[in-house]
Amino acid sequence: MTTQTTEKHEFQAEVKQVLDIVVNSLYTDKEIFIRELVSNASDATEKLRHTQLTEKNIYEADKELEIYVQFDEENNTLTIQDAGIGMTREELVENLGTIAHSGSKAFLKALQESGEKNDNLIGQFGVGFYSVFMVADKVEVFTRTWKENGESLCWISDGSGSYEIKTIEGDEPRGTRILIHLSEDFKEFTKKERLETIINNYSAFIQFPIKLNDETLKTMGALWLKNKNEISDEDYKEFYKFQSKAFDEPQFWLHFNADAPLEINALLFTPSENMEGFGFGRMEPGVNLYCRKILIEADPKNLLPDWLRFLRGVVDSSDLPLNISRESMQDSSLVQKLNKLLTKRYLKQLEEKSNKEPEAYTNFWNKFGIFLKEGVTSDFTHRDQLLKLLRYESSYTKEGETTSLSDYLSRALDGQKEIYFLFGANRKALENSPYLEAFNSRNIEVLFLFEPIDEFVMNHGRSFEEKNFVSADSADIDLDAIKKVEQDESEEKLDEATEKSLCEFLKETLPEIKEISTSSRLTNSPAIIVNSDKMMTAQMKKMLKAMQKMDEMQGAETSIHLEINPKHPLIKNIAVLQSSNPDLAKLLSKQILETSKVSAGLIEDPSQLVEQNYKIMQKLSETMA
Ligand code: ADP
Ligand code: MG
Numbered sequence: 004m005t006t007q008t009t010e011k012h013e014f015q016a017e018v019k020q021v022l023d024i025v026v027n028s029l030y031t032d033k034e035i036f037i038r039e040l041v042s043n044a045s046d047a048t049e050k051l052r053h054t055q056l057t058e059k060n061i062y063e064a065d066k067e068l069e070i071y072v073q074f075d076e077e078n079n080t081l082t083i084q085d086a087g088i089g090m091t092r093e094e095l096v097e098n099l100g101t102i103a104h105s106g107s108k109a110f111l112k113a114l115q116e117s118g119e120k121n122d123n124l125i126g127q128f129g130v131g132f133y134s135v136f137m138v139a140d141k142v143e144v145f146t147r148t149w150k151e152n153g154e155s156l157c158w159i160s161d162g163s164g165s166y167e168i169k170t171i172e173g174d175e176p177r178g179t180r181i182l183i184h185l186s187e188d189f190k191e192f193t194k195k196e197r198l199e200t201i202i203n204n205y206s207a208f209i210q211f212p213i214k215l216n217d218e219t220l221k222t223m224g225a226l227w228l229k230n231k232n233e234i235s236d237e238d239y240k241e242f243y244k245f246q247s248k249a250f251d252e253p254q255f256w257l258h259f260n261a262d263a264p265l266e267i268n269a270l271l272f273t274p275s276e277n278m279e280g281f282g283f284g285r286m287e288p289g290v291n292l293y294c295r296k297i298l299i300e301a302d303p304k305n306l307l308p309d310w311l312r313f314l315r316g317v318v319d320s321s322d323l324p325l326n327i328s329r330e331s332m333q334d335s336s337l338v339q340k341l342n343k344l345l346t347k348r349y350l351k352q353l354e355e356k357s358n359k360e361p362e363a364y365t366n367f368w369n370k371f372g373i374f375l376k377e378g379v380t381s382d383f384t385h386r387d388q389l390l391k392l393l394r395y396e397s398s399y400t401k402e403g404e405t406t407s408l409s410d411y412l413s414r415a416l417d418g419q420k421e422i423y424f425l426f427g428a429n430r431k432a433l434e435n436s437p438y439l440e441a442f443n444s445r446n447i448e449v450l451f452l453f454e455p456i457d458e459f460v461m462n463h464g465r466s467f468e469e470k471n472f473v474s475a476d477s478a479d480i481d482l483d484a485i486k487k488v489e490q491d492e493s494e495e496k497l498d499e500a501t502e503k504s505l506c507e508f509l510k511e512t513l514p515e516i517k518e519i520s521t522s523s524r525l526t527n528s529p530a531i532i533v534n535s536d537k538m539m540t541a542q543m544k545k546m547l548k549a550m551q552k553m554d555e556m557q558g559a560e561t562s563i564h565l566e567i568n569p570k571h572p573l574i575k576n577i578a579v580l581q582s583s584n585p586d587l588a589k590l591l592s593k594q595i596l597e598t599s600k601v602s603a604g605l606i607e608d609p610s611q612l613v614e615q616n617y618k619i620m621q622k623l624s625e626t627m628a
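Numbering-wise (this note's numbering), the sequence shown opens with residue 4 and increments by one.
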């Protein structure tokens with residue numbers, strides 16, 4: 004083999020960074036480089052099979068699609084060879100010299116996010132091709148592209164700053180052959196038993212025959228096309244880990260086939276960990292699309308709705324036109340049909356789970372409920388099914404326990420026309436909220452919402468079984484149809500004339516207020532700020548306001564509607580003080596407004612509240628002293 008030309012290249016800075024971490028890592032499971040290289044060989048072979056569908060002229064078109072692993076104890080080398088698409092000169096530079104490709108990019112991102120040199124991340128992400136430098140002194144990549152008039156090339160590097168690309172005279176077979184010169188410490192990777200174990204562990208589901216020095220290893224093949232009763236739970240779990248490169252176990256899975264309206268075999272895994280919850284950033288879809296075992300696209304975007312991006316697995320449909328381009332596939336009506344069917348089936352699985360295994364469902368809800376909430380706010384088609392799956396704490400549940408909307412309605416009182424919710428930071432805050440008084444005194448259940456997205460859920464969900472979602476702080480809640488548990492009519496309220504003059508006094512004293520009214524809903528509190536928009540709570544308005552730009556903010560001020568309790572001693576006293584000690588009456592009125600703002604979650608700057616508090620204390624001490 005004589006070489007014609009040799010080009011020397013520097014690795015891109017990011018690659019150097021990855022290599023540096025990989026080479027110096029004390030990571031103990033060095034064997035993962037085999038998983039990475041075999042999976043690259045498999046990817047390249049999948050791509051070749053896909054290319055064969057659309058391209059007529061393929062170099063060595065009839066070559067068997069097998070993966071070879073060859074060990075050589077004498078020379079301390081290991082070779083991994085495939086008959087896949089191979090690489091052109093540009094592709095070699097692009098794929099093995101820069102970091103445009105997925106595996107190592109994700110690794111770098113996770114590294115930046117976790118902010119440390121984390122050995123464990125090597126295990127998780129594998130760091131693809133570069134992981135080979137954990138065990139190698141030198142690596143040679145011989146490759147021949149599938150394109151008819153391509154070159155036979157060799158890429159060589161020792162994993163330090165640079166690599167070389169040489170042209171090879173004479174023809175390499177199509178595909179890629181990676182010749183690993185193992186360093187002295189890693190002779191173990193030339194031992195047959197060791198290799199067998201590793202490949203069985205990591206590569207049992209590779210779709211192509213794997214030969215270890217001429218002996219074909221047993222592999223599991225396309226699990227999703229097998230009969231369910233031939234598959235053990237262990238097989239499913241292993242397949243999940245293999246296919247999604249996951250390190251958790253699946254929580255549960257859905258394996259189903261259908262003949263009509265589409266021919267489809269699907270295997271959908273629900274992970275046990277929500278990686279977004281761990282701060283790993285937004286998840287990418289992870290369900291691969293196959294047609295009769297041929298990978299059409301890894302992780303296509305439109306196969307499932309965005310809010311199901313946490314699902315992993317495989318969908319195989321023989322109805323897919325094989326020669327379709329990836330771009331047109333994304334919006335083909337067939338993919339849309341698949342999307343609909345898969346979503347429906349998955350939601351059905353969740354509903355069944357919630358009925359038959361409520362504990363398992365709660366477990367799921369705690370980790371992935373946020374995605375279903377996102378679904379309610381963004382996916383009108385599945386809204387009704389999704390609403391059934393929501394779970395919330397309520398004034399009826401114990402702390403940490405939740406109720407479904409159906410169960411809520413089953414407990415609704417005669418005459419209750421709406422589903423009530425209240426948003427707050429935590430359960431304690433909500434339980435002590437003055438907004439709850441009217442509901443508690445009538446034994447009406449109120450859902451407790453803790454997460455900002457919940458308000459959007461109520462807002463977009465609008466209603467459940469024809470009962471509207473209504474925030475418990477709304478102005479025009481009419482609870483009069485429902486009797487209070489203990490009707491306390493003995494307490495006297497202000498007469499109409501006094502009430503009127505007090506309202507006028509308050510309006511004058513508190514110009515911030517747009518509207519003022521008296522209310523029968525309060526029992527223990529003197530006043531509350533109510534919300535004139537039924538669907539939108541004060542919190543939500545605040546959030547929307549924060550999202551808008553400054554110039555749009557004018558006029559978006561929350562207009563304040565104060566509701567006072569005419570039975571409350573403090574209110575009755577102010578009515579008297581308004582003429583006998585107007586200064587104190589004014590101070591007290593202002594403080595009532597400020598305090599109501601606290602309950603409504605509208606106070607950002609407590610300084611005014613504090614200042615007034617001192618003024619009142621001073622006034623009181625003056626009268627007492
Ligand atoms: P990833 O597989 O996540 O893309 P890798 O580091 O494992 O990242 O591989 C980098 C890229 O190098 C691949 O995306 C692929 O384009 C190319 N590559 C690696 N191995 C092979 C191979 N055996 N045949 C063809 N291309 C390969
Ligand atoms: Mg890879």
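Glycine is no exception: its CB is placed at the ideal position from the N, C-alpha and C atoms.
Practice item. Excluding the 5 residues preceding and the 5 following Leu-525 in the sequence, name in chain order all residues of the same chain whose CB lies nearer than 6 angstroms to its CB. Key: Only Glu-440, Asn-568 meet the Cβ criterion.
Is there at least one non-hydrogen atom of the ligand MG closer than 6 angstroms to the beta-carbon of Asn-43? Set against 6 angstroms, the gap from the CB of Asn-43 to the closest heavy atom of the ligand MG is smaller.
Whose CA, out of Asp-387, Asn-79, Phe-383, lies closest to the CA of Lys-2?
In the structure as shown, the chain starts at 4 and stops at 628, and residue 2 therefore has no counterpart that could be examined.
Among residues of its own chain, excluding the 5 on either side of Ala-103, which ones have a beta-carbon nearer than 8 angstroms to its beta-carbon? Within the same chain, Ala-103 has close Cβ partners Glu-97.
CB of Thr-48 within 7 angstroms of CB of Leu-68, strictly | The answer is yes: Cβ separation under 7 angstroms.
| task | Confirm the yes/no value for this check: CB of Ala-603, any heavy atom of the ligand ADP, distance under 6 angstroms. | result | Between the ligand ADP and the CB of Ala-603, the shortest heavy atom gap is not smaller than 6 angstroms.
Below 7 angstroms between beta carbons: does that hold for Ile-619 and Gln-594?
Annotated as proximal: Ile-619 and Gln-594, with beta-carbon spacing under 7 angstroms.
| task | State the DSSP-derived secondary structure class of Trp-158, mapped to helix, strand or coil. | result | Looking at Trp-158 - three-state DSSP - the assignment turns out to be strand.
query = For Glu-377, which of Arg-312, Glu-396, Leu-29, Lys-420 has the nearest alpha-carbon?
reply = Answer by Cα proximity: Arg-312.
Just to confirm, does Asp-23 get its C-beta within under 6 angstroms of one of the non-hydrogen atoms of the ligand ADP? For the ligand ADP, not one heavy atom lies less than 6 angstroms from the Cβ of Asp-23.
If we count the other Cβ atoms within 10 Å of its Cβ and call it buried at 16 or more, is Glu-458 buried or exposed? Buried is the call here.
Determine which residues share a DSSP beta bridge with Ser-466 and list them. Answer by DSSP bridge pairing, in chain order: Asn-471.
Using 6 angstroms as the cut-off, classify the Cβ of Thr-659 as near or not near the heavy atoms of the ligand ADP, replying yes or no. It is not possible to answer for residue 659, since the shown part of the chain is limited to 4 through 628.
Do Arg-177 and Tyr-62 have their C-beta atoms closer together than 7 angstroms? Yes, these two residues count as a Cβ contact at 7 angstroms.
**OP:** Mind checking which residues open and close the beta strand (DSSP E) that includes Leu-292?
**Re:** Annotation: the continuous beta strand (DSSP E) that includes Leu-292 extends over 289-294.
Just to confirm the assignment: which complete alpha helix (DSSP H) runs, minimum length 4, are found wholly within the region 43-107? Runs of the alpha helix (DSSP H) spanning 4 or more residues and lying entirely within the region 43-107 occur at 92-100, in chain order.
### Task
Determine, using beta-carbon pairs with one atom in the region 125-135 and one in the region 19-34, whether at least three such pairs fall under 8 angstroms.
By the criterion of at least three beta-carbon pairs nearer than 8 angstroms, the region 125-135 is in contact with the region 19-34.
Of the residues Leu-345, Leu-323, Thr-346, the one placed nearest Ser-335, counting alpha carbons only: Looking from the CA of Ser-335, the closest CA among Leu-345, Leu-323, Thr-346 belongs to Leu-323.
- Within the same chain, show all residues whose beta-carbon is closer than 7 angstroms to that of Glu-502, passing over the 5 residues directly before and after it, in chain order. Once the five neighbours on either side are set aside, the close Cβ partners of Glu-502 are Thr-521, Pro-569.
- Item | Own chain partners of Val-21 with C-beta closer than 8 angstroms, once the 5 adjacent residues on each side are dropped | The answer, listed in chain order, is Ile-102, Ser-107, Phe-110, Leu-111, Val-130, Tyr-133.
Next on the checklist: Less than 6 angstroms separating the Cβ of Ser-247 from some heavy atom of the ligand ADP?
Outcome noted: No, Cβ of Ser-247 sits at least 6 angstroms from all heavy atoms of the ligand ADP.
Query raised in the report: Rounded to a whole number of angstroms, what is the C-alpha to C-alpha distance between Leu-81 and Gly-89?
Result: Approximately 19 angstroms, taken between the alpha carbons.
Contacts around Ile-563, its chain only, beta-carbon distance under 7 angstroms, and the 5 residues preceding and following it disregarded
Cβ neighbours of Ile-563 beyond the five flanking positions: Glu-515, Ile-516, Lys-517, Ile-532.
For this session: State the CB to CB distance for the pair Phe-451 and Ser-398, rounded to an integer number of angstroms; the pair is presumed to be in contact (CB under 8 angstroms).
Result: Confirmed, Cβ separation roughly 7 angstroms.
Legend entry - Three-way DSSP call (helix, strand, coil) for Lys-643 in this model: An answer regarding residue 643 cannot be provided, because it is not within the stretch 4 to 628 covered by the chain.
**Report entry** Endpoints, the beta strand (DSSP E) within which Asp-319 is located
**Finding:** That run of the beta strand (DSSP E) goes 315-319.
What residue range does the beta strand (DSSP E) around Asn-260 cover? Per DSSP, the continuous beta strand (DSSP E) segment holding Asn-260 begins and ends at 253-261.
| request: Specify the secondary structure class of Glu-566 as computed by DSSP and reduced to three states. | output: Glu-566 carries a strand assignment under DSSP once its states are collapsed to helix, strand and coil.
### Query
Using the rule of at least 16 other Cβ atoms within 10 Å of the residue's Cβ for burial, across every protein chain shown, is Val-338 buried or exposed?
Classification for Val-338: buried.
* Asked: Quick one: does the C-beta of Met-137 sit closer than 6 angstroms to a heavy atom of the ligand ADP?
  -> Within the chosen limit of 6 angstroms, the ligand ADP does not reach the beta carbon of Met-137 with any heavy atom.
Give me, in chain order, the residues of the same chain whose beta-carbon lies closer than 6 angstroms to that of Thr-219; leave out the 5 immediate sequence neighbours on both sides. Its chain contains Pro-212 as the residues whose beta carbon lies nearer than 6 angstroms to that of Thr-219, once the 5 sequence neighbours on both sides are disregarded; these appear in chain order.
Three-way DSSP call (helix, strand, coil) for Glu-126 in this model
Here residue 126 is Gly; the residue named in the question, Glu, does not match the sequence. In the structure shown, Gly-126 sits in a helix (DSSP, three-state: H, G or I).
Is DSSP giving Gln-611 helix, strand or coil here? Correct three-state label for Gln-611: helix.
Classification of Lys-169 by the beta-carbon crowding that lies within 10 angstroms, buried from 16 upward: Label assigned to Lys-169: buried.
Taking the straight line between their C-alpha atoms, what separation do you get for Leu-228 and Glu-354?
The alpha-carbon atoms of Leu-228 and Glu-354 are separated by roughly 25 angstroms.
Report all residues from its chain with a CB closer than 7 angstroms to the CB of Phe-36; omit the five preceding and five following residues, and keep chain order. Excluding residues within five positions, the ones whose Cβ falls inside 7 angstroms are Ser-134, Val-135, Met-137, Val-138.
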